[in-house]
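Asks:
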Amino acid sequence: MKTTKPSVNKKQLAYDYIRSQIVNGVFGSGYRIVIDQIAKELKLSIIPVREAIRQLEADGLIQYKPYSGAIVSKINEEEYMETLAVLAVLEGYASSLSAKRMNPDGIRLLEQINQSMSDALYEFEFEQFSELNRKFHDVLIDNCENEYLKEQIRQCWDRLSRVRKSGFAFMPKRAKESIKEHEQMIAMIREQNLDEQFVRQHKLNTVKAFKERKDSDIVLDT
Numbered sequence: 001m002k003t004t005k006p007s008v009n010k011k012q013l014a015y016d017y018i019r020s021q022i023v024n025g026v027f028g029s030g031y032r033i034v035i036d037q038i039a040k041e042l043k044l045s046i047i048p049v050r051e052a053i054r055q056l057e058a059d060g061l062i063q064y065k066p067y068s069g070a071i072v073s074k075i076n077e078e079e080y081m082e083t084l085a086v087l088a089v090l091e092g093y094a095s096s097l098s099a100k101r102m103n104p105d106g107i108r109l110l111e112q113i114n115q116s117m118s119d120a121l122y123e124f125e126f127e128q129f130s131e132l133n134r135k136f137h138d139v140l141i142d143n144c145e146n147e148y149l150k151e152q153i154r155q156c157w158d159r160l161s162r163v164r165k166s167g168f169a170f171m172p173k174r175a176k177e178s179i180k181e182h183e184q185m186i187a188m189i190r191e192q193n194l195d196e197q198f199v200r201q202h203k204l205n206t207v208k209a210f211k212e213r214k215d216s217d218i219v220l221d222t
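Residue numbers for the sequence shown follow the UniProt record's numbering, so the first one is 1 and each next one is one higher.
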């Protein structure tokens with residue numbers, strides 16, 4: 001007897017819904033995913049929901065625990081820094097490929113986003129700043145033709161977004177430096193010589209700043 005595979009569209013619907021709830025902080029760390037409940041909300045059978053959860057487990061956003069079932073994975077400070085370090089390598093390469101294909105409209109869009117980031121920082125709109133920062137980097141790699149590479153980058157950003165929603169990862173001083181580094185990237189793209197290592201270091205600078213703040217907090221607590 002043949003078993004029917006869940007519709008790709010239905011599985012994708014469930015996947016997109018659960019992922020957005022996790023990334024946006026609606027389903028926080030440790031939240032238990034109830035398959036029947038989600039299936040009911042989306043008017044689906046449990047099969048595509050279960051398949052979506054398996055995919056999210058592969059993405060690292062969900063894990064199975066004995067007696068609890070599927071729960072939203074926790075992300076700690078060490079994992080945050082490790083994810084940033086991986087993202088530095090992936091984005092550096094993707095950005096160097098994408099920049100070669102970026103047209104003047106793309107450059108203007110980067111400038112507009114970076115200015116909006118500056119405005120958000122001035123207005124203390126930290127969550128908006130983080131969203132704009134991701135948008136900047138999305139545009140930066142948009143012209144990269146390696147779709148698998150871009151998918152890996154998206155998964156890293158999804159992990160980071162969960163932490164950024166909590167607010168503990170925001171560093172105003174680093175945010176100002178980030179805007180200036182974005183300006184340098186835009187200038188390099190305009191001259192068609194974006195340095196992959198510069199983009200990589202841009203992310204690693206955030207890792208360094210986060211680690212320094214973490215070490216400072218430990219000293220203050222002792």
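Each residue gets a CB set at the ideal place from its N, CA and C atoms; glycine is no exception.
Residue range of the alpha helix (DSSP H) that Lys40 falls in?
Replies: Note, Lys40: alpha helix (DSSP H), 35-42.
Asks: What is the residue span of the beta strand (DSSP E) that Gly60 lies within?
Replies: First-last for Gly60: undefined, no H or E at that position.
Asks: Restricting to runs no shorter than 4 residues, where is the alpha helix (DSSP H) found entirely within the stretch 120-186?
Replies: Here the runs fully enclosed are 126-141, 147-166.
Asks: Just the Cα atoms here: how many angstroms apart are Ala94 and Asp142?
Replies: Each residue's Cα considered, the two are about 9 angstroms apart.
Asks: Could you tell me whether the stretch 144-154 touches the stretch 103-117, where touching means 3 or more Cβ pairs closer than 8 angstroms?
Replies: Short answer: they don't touch.
Asks: Give the single residue among Gln21, Gln197, Tyr122 whose Cα lies nearest to the Cα of Ile179.
Replies: That would be Tyr122, whose Cα lies nearest to the Cα of Ile179.
Asks: With contact counted as at least three CB pairs below 8 angstroms, one residue from each stretch, are the stretch 186-195 and the stretch 60-74 in contact?
Replies: Not touching, per the Cβ criterion.
Asks: Starting from Gly69, trace the beta strand (DSSP E) both ways and give me its first and last residue.
Replies: Run containing Gly69: 69-72, per the beta strand (DSSP E) assignment.
Asks: Under the rule that 16 or more other beta-carbon atoms within 10 Å means buried, what is Lys65, buried or exposed?
Replies: Exposed, because fewer than 16 other Cβ atoms sit within 10 Å of the Cβ of Lys65.
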